[in-house]
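Count along the sequence shown from 1, then add 2; that gives the number in our numbering.
Just so you know, even glycine gets a beta-carbon here, dropped at the ideal spot from N, CA and C.
From a predicted model like this one, the values you see are computed outputs, not experimental measurements.
Reading through the structure tokens given below for one structure.
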Amino acid sequence: MGVSLVLGFVVAALAPVLHPEPVSAASGVDDYPSRLKKAPQDSLVDPWQFYNRECTSWVAWRLNSENQIGFYNYWKGEHWGDASHWKAAAVAAGVKVDNNPTRGSVAWWAAGSAGSSRGHVAWVQTVGSGAITIEEYNYLHRGGYDTRTISSSSSLWPSGFIHVKDSAELVNTTPPTVIGTPQVGQKLKAKHGTWSLKKLTFSYQWLANGKPIPGATNKSFTPGAEQLGKRIRAKVTAVKSGKAPGTARSEPTGGVAEGVFVNTDAPAVTGKAQVGVPLAADPGTWSPTGTFSYQWYAGGEKLPGATDQTFTPTADQLGKGVKVRVTLSAPGYQTKRIKSEPTDKVVPGRFTASTPPSISGVPQVDQPLTATPGTWSPAGTISYQWLVDGKPVRDATGTSYTPTPADLHKTVAIQVTVTQRGYDDAVAVSVPTANVAPGTFLNTRPPTIEGTAQVGVPLTGKKGTWSPKATIAYQWLVDNQVVPHATAPTFTPRPQDAGKQVALMVTASRDGYLTSTAVSTATAETLPGVIVNRTAPVVSGRAVVGRTLRTTDGSWSIKPDEFGYRWYAGKQRIKGATDSSYVVTADDVGHRIHAVVTAKHLGYTSLSTRSDSTDRVVFGHVHFDKPTIRGHAVVGHTLHARLTSVEPGAAEAHYQWYRGGTPIRGAHESRYDVRKADLGHRIHVQATLEAANWVSRTRQSVATDPVRTKPSLRVRTSVRSGRIFLRVTVSAPGLSAPDGKVRVRRGSVVVGRIPIVDGHGGRLLAAMRHGQREVTVVYRGGPLETVARTTVTVTVP
3 MGVSLVLGFV VAALAPVLHP EPVSAASGVD DYPSRLKKAP QDSLVDPWQF
53 YNRECTSWVA WRLNSENQIG FYNYWKGEHW GDASHWKAAA VAAGVKVDNN
103 PTRGSVAWWA AGSAGSSRGH VAWVQTVGSG AITIEEYNYL HRGGYDTRTI
153 SSSSSLWPSG FIHVKDSAEL VNTTPPTVIG TPQVGQKLKA KHGTWSLKKL
203 TFSYQWLANG KPIPGATNKS FTPGAEQLGK RIRAKVTAVK SGKAPGTARS
253 EPTGGVAEGV FVNTDAPAVT GKAQVGVPLA ADPGTWSPTG TFSYQWYAGG
303 EKLPGATDQT FTPTADQLGK GVKVRVTLSA PGYQTKRIKS EPTDKVVPGR
353 FTASTPPSIS GVPQVDQPLT ATPGTWSPAG TISYQWLVDG KPVRDATGTS
403 YTPTPADLHK TVAIQVTVTQ RGYDDAVAVS VPTANVAPGT FLNTRPPTIE
453 GTAQVGVPLT GKKGTWSPKA TIAYQWLVDN QVVPHATAPT FTPRPQDAGK
503 QVALMVTASR DGYLTSTAVS TATAETLPGV IVNRTAPVVS GRAVVGRTLR
553 TTDGSWSIKP DEFGYRWYAG KQRIKGATDS SYVVTADDVG HRIHAVVTAK
603 HLGYTSLSTR SDSTDRVVFG HVHFDKPTIR GHAVVGHTLH ARLTSVEPGA
653 AEAHYQWYRG GTPIRGAHES RYDVRKADLG HRIHVQATLE AANWVSRTRQ
703 SVATDPVRTK PSLRVRTSVR SGRIFLRVTV SAPGLSAPDG KVRVRRGSVV
753 VGRIPIVDGH GGRLLAAMRH GQREVTVVYR GGPLETVART TVTVTVP
């Protein structure tokens, strides 16, 4: 049943598109475009502006593909829409509508007819005697393709036929055929078959597995590699002026087979079979041509890697015949392999020299000569032997040779031997050199002297640079005069050399060489010697008034003849202090002391150096006796620290109280109030005395006994059965619930014993005479409590 597509834009103005889908149409088969067929029904809009897989979309496809009409939903300015509306649209567009079916006409059923409740369209494929065959979509199978043959007497006969453009005038009566063998490279020919009309023009399109082969539009077609294994058909289109064209297809061939090469001239090997001489492969003559590849063999064995068209035999092929296997391949063809006949046995190669061996360099003792082996083909392995006066020099087998003194006045030549496996050896000798000349030294950098010319300071001689290496001798000169025995690389100017210049003479010698001498540039005038301090003086002793300080002399580069001493307090020199020791006085208090030592030696400039400074001078240590503590170590009481024998009297005291071994935070006064936290701990105090220009001192007291608490008693009395009942409540700072015992005395007589538990206790007292009586209540608790007592008056009834 047809469903129209109503577009809200100016769609009537759109130009129709002929053959909008790139497929080949063929009536009688479901060739509906794959893109539209695979999508869910009504999910796409086709190129003719109908929904896909509807009857209207299918008929629009057939009108475009078979009838060659650019039909679409707004063709000729009319909106064709649903199938039920097609007759009205055709009439409005001036298209013929009648009851006479023709091939290519549109079969139309009105809505509510026996053939369709909603309206339907189909494409008429054939018209027979009293019946038609139609192609349609979305009738028997929802959204699918069907064909039906309907009799004119059937109630399902269409309501009418719309003649958009009929195609029944040109009909294929005998299908086209394909003549030939389906094989790559073999030509196939198409027979166009027979048709209902005469005087036709035919065109061809070859198909592989049902798909058009690009460019294959001639009557004949030769399959290529891309058609290998595929079935070939010929599609024939018949055309006659004024008639709609018709198309028909041949039956498919079998799968295209591989092609076969034909060889008319066998492969051969050209060239001489000799090591180092290239051989070439002649592939022979083939039809058709393709891609050649090669594999060389020697003595019947495959040569790995020898796959080029040329091959140069090596020593491995000596005495063997060589042949080549030629392989021809091309896409779609069976690969063909043929071997050539073998060559003669391979013979050894021969070296050839385009230039002879030669020698470069100057023939002189210790001057290297270099051999050039010449140019050989092939290169081969080169070995050398140097000749002096025509005789081999032992172990002289390198590319260079340096003449020795023994070679003086003799000629030198190089003998070159070229070898390589599979080749005959080649030997050649160069032209000899001129006679070897004596060697000469080359001084490229003159001797120099490092250091400053100064008495007692060593100078170092540098021999300079000599070529070649030589035996070096040294001689020192002072004012151009030889210094006896001064032949070492170093020289220390003597006191008598002061004010004079020093120079170094170097002599180079070697066997076979002329001796050569070079003199350095002279130094400036020699300076007086300088004493160098190695270790500074060190002052020992305590910087305390009345104590003795001593200084060492330090260590020096030489042993001085004598020393001088000066003592300083700060920056001020201490008058009269010129010995190696010094007794500190009260004038030095507050200053740091250091010593200056001066070293003196004949012929050297005197040098002074100072020691490090001492600490600041003080009078001594502050003195005082060990602190003592006055007071009771009881919670709530005050302890006092007492200092005696303090010197100096102006010393300032600082205190720190301790609970056990722990400093008590904030306890820095000379007095201390005992706290609940101290209960059970021993208390001691640490005193530190400080005074200007004195060394402070710290001492600590003897610790107190463990701190105790002082209980307080609250006594209440009552009368029970004529006797006094005494109740006692005990409280003690730092203890939450004291435990202990209470004794009640009247004079020396104990009238009651009361145990105290958790701070409370009570008991009847012994019988006493009537009247007022005074009793003493005494409480003794644990080791952290003092004894508490109180006196109360009771009235005995």
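Smallest Cα separation from residue i: which of the options?
i    : options                : result
A270 : F443, T345, S608, V129 : T345
Q319 : S331, E303, P333, Q311 : E303
E138 : S115, S131, S107       : S107
D696 : Q369, W468, A652       : Note that residue 696 corresponds to Trp in the displayed sequence, not to Asp. The candidate whose alpha carbon is nearest that of W696 is A652.
I361 : P370, A355, R55        : P370
T239 : A210, L199, F263, T266 : L199
T646 : G633, G273, V624       : V624
S356 : T337, I340, T467, P380 : P380
S698 : V620, T640, D707       : V620
W197 : P160, F223, V241, S750 : V241
T600 : V746, L609, V328       : L609
V541 : S613, L529, L281       : S613
K221 : W110, L190, A227       : L190
A693 : V433, G566, V591, A373 : V591
G622 : A588, D563, R594, T640 : A588
G58  : D284, N140, G763       : The residue asked about is misnamed: residue 58 is Thr in this sequence, not Gly. Checking every option, the nearest Cα to that of T58 belongs to N140.
P708 : L715, R677, T719, G724 : R677
W88  : W298, A124, N102       : A124
D1   : Y584, G531, K602       : This structure gives no information on residue 1, because the portion of the chain shown stretches from 3 to 799.
A2   : A490, G663, Q483       : Because the chain is modelled from 3 through 799, residue 2 falls outside the range shown and cannot be assessed.
P757 : T219, K743, R64, L305  : K743
E56  : S36, Y147, K577        : Y147
G572 : V485, T664, S615       : S615
H639 : V586, R673, Q658, Q43  : R673
V504 : E527, L551, Q498, R549 : E527
With residue i as the anchor, note down where its alpha helix (DSSP H) starts and where it stops.
i   : result
N66 : 57-67
W88 : 88-95
Per the DSSP calculation, residue i is bridged to which residue(s)?
i    : result
P394 : L389
I726 : V721
W569 : A597
H642 : R632, R673
D148 : E138
V31  : Its beta-bridge partners do not exist; DSSP assigns none.
L786 : Note: L786 sits in no beta bridge, so no partner.
Looking at the unbroken beta strand (DSSP E) that takes in residue i, where does it start and where does it end?
i    : result
V480 : 473-480
S36  : Per DSSP, S36 belongs to no beta strand (DSSP E); it is in the alpha helix (DSSP H), 36-40.
D617 : Unbroken run through D617: none, as it is neither H nor E.
D675 : 673-675
E452 : 450-452
P757 : 751-758
R204 : Here residue 204 is Phe; the residue named in the question, Arg, does not match the sequence. From DSSP, the beta strand (DSSP E) with F204 extends over 203-210.
T175 : 174-176
D284 : 281-284
H81  : Per DSSP, H81 belongs to no beta strand (DSSP E) and is neither H nor E.
Y296 : 293-300
W378 : 377-379
S331 : 324-331
I361 : 360-362
Y657 : 654-661
K338 : 338-341
D267 : 264-267
The ligand FMN heavy atoms versus the CB of residue i: any closer than 6 Å?
i    : result
Q276 : As for the ligand FMN, it is missing from this structure, which has no ligand bound.
Is it true that the region 483-495 meets the region 403-421, where meeting means three or more beta-carbon pairs spaced less than 8 Å apart?
Under the 8 Å Cβ criterion, the region 483-495 does not count as touching the region 403-421, having fewer than three qualifying pairs.
Measuring CB atoms only, is the region 289-299 touching the region 392-404, in the sense that at least three cross pairs come out at less than 8 Å?
no
Is the region 498-511 touching the region 438-449 in the sense that three or more CB pairs, one from each, lie closer than 8 Å?
yes
Validate contact between the region 154-164 and the region 124-139 using beta carbons, cut 8 Å, 3 pairs:
Touching, yes.
Segment contact flag, the region 226-235 with the region 206-213, C-beta cutoff 8 Å, min 3 pairs
yes
Under 8 Å, with one C-beta from each stretch per pair, do the region 523-536 and the region 548-566 reach the 3-pair mark?
yes
Is it the case that the region 789-799 contacts the region 769-778, given that we only count it when at least three CB pairs across the two stretches are under 8 Å?
yes
Okay, do the region 245-254 and the region 265-279 touch, 3+ Cβ pairs below 8 Å being the bar?
no
What residue ranges within the region 504-587 form continuous beta strand (DSSP E) runs of no fewer than 3 residues, ordered along the chain?
504-511, 518-521, 535-537, 550-553, 564-571, 583-585
Would you say the region 724-735 touches the region 755-770, given that touching needs at least three Cβ pairs under 8 Å?
Judged by Cβ distances under 8 Å, the region 724-735 makes contact with the region 755-770, as three or more pairs qualify.
Which parts of the region 187-262 are runs of the beta strand (DSSP E), unbroken and 3 residues or longer, counting only runs that do not cross its ends?
Segments of the beta strand (DSSP E) lying fully in the region 187-262: 190-193, 203-210, 234-241, 248-251.
Per the contact definition of three or more C-beta pairs closer than 8 Å, is the region 296-311 in contact with the region 404-413?
In short, these stretches do not touch, since the Cβ pair count stays below three.
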